[in-house]
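Enquirer:
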Amino acid sequence: RTIQNYNCKKSAMAWGYPDTTVCFVDVVDFTHLCAELTPQAVVSLLDSLFSQLDKLTEQHRLKYIKTIGDAYMLASGVDHDEAAEHTERMFAFVLDVLKLIERYPDVMGMRFMVRIGIASGPVIAGILGGKRMQLDLWGDTVNLASRMCDLAGPMEIVLDEITYLSLSADRQATNTFHP
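First residue of the sequence shown? That's 82 in this note's numbering, and the numbers climb one at a time after it.
1) Are SER249 and GLU183 close, meaning C-beta to C-beta below 8 Å?
2) Is it right to say MET171 is buried, meaning 16 or more other beta carbons lie within 10 angstroms of its own, or is it exposed?
3) Identify, in the order they occur along the chain, each residue of the same chain with its Cβ nearer than 7 Å to the Cβ of THR102, setting aside the five sequence neighbours on each side.
4) Have a look at ALA173, LEU126, TYR153, LEU143 and flag the residue whose alpha-carbon is nearest the alpha-carbon of ASP251.
5) Could you have a look at MET94 and say whether DSSP puts it in helix, strand or coil?
6) Among the residues of its own chain, which have a CB less than 7 Å from the CB of GLN133, if the five just before and after it don't count?
7) What separation, rounded to the nearest whole angstrom, lies between the Cα atoms of ALA226 and SER125?
8) Keeping to the same chain, check which residues put their C-beta closer than 6 Å to that of ILE84; ignore five residues upstream and five downstream.
9) Distance, Cα to Cα, GLN121 vs PHE193?
10) As a quick exercise: from CYS104, LEU130, VAL175, pick the residue whose alpha carbon is nearest that of PRO186.
11) What are the uninterrupted segments assigned as alpha helix (DSSP H) that are 4 or more residues long and contained completely in the stretch 107 to 188, given in chain order?
12) By a C-beta neighbour count over all protein chains shown, 10 Å radius and 16 as the cutoff for buried, is ALA206 buried or exposed?
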């Protein structure tokens, strides 16, 4: 819908969302995998992973934003989402991602793993450019989610405090979090 509006106007479009949750899913030791695997094997691995993440994203009614190298970025709370539940849906998504990755076969004798970072707060969303129209997000929430991902160990989810406090008490009590 937003891309169609952009096509009509042919100028940059922007929105502000005060309550979103942004997530990054990053492949652990991807640089090492690139050095050891053929180009076809690397692309096949990413294609398989990102295709499955796309399915989970859709299943949990989240918004795919983009891939950045071996990282998959998505958000909730955009596109007039139900703000009261979007953090819960994101958390359900990341738990499903970990279950998915647990079933992945070893690659080059190594266990295939991801790290996940999540942050909640305001973002600016927009569509830029004439040739490659794509929705993107900017702001401290995006930067914090990326940093949370950097802090996560293999097969860990790191949340910021706002995300943690947005989760139900049941989720808070039944999961271990790493600040």
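Glycine residues also receive a C-beta, built at the ideal position from the N, C-alpha and C atoms. Quick caveat, the model's predicted, so the values are computed rather than measured.
Expert: To lay it out plainly:
1) no
2) Buried.
3) ALA156, SER157, GLY158, HIS167, THR168, MET171, ILE199, SER201, THR244
4) ALA173
5) DSSP places MET94 within a strand segment (E or B) once states are collapsed to three.
6) LEU181
7) If I take the Cα positions, the gap works out to 27 Å.
8) Reliability of the predicted coordinates at ILE84 is poor, the pLDDT of 42 falling under 50, and the value obtained from them is presented with this limitation in mind. Cβ neighbours of ILE84 beyond the five flanking positions: MET214.
9) Rounded to whole angstroms, GLN121 and PHE193 show a C-alpha spacing of 17 Å.
10) LEU130
11) Within the stretch 107 to 188, the complete alpha helix (DSSP H) segments at least 4 residues long are 111 to 117, 120 to 140, 164 to 183, listed from N- to C-terminus.
12) buried
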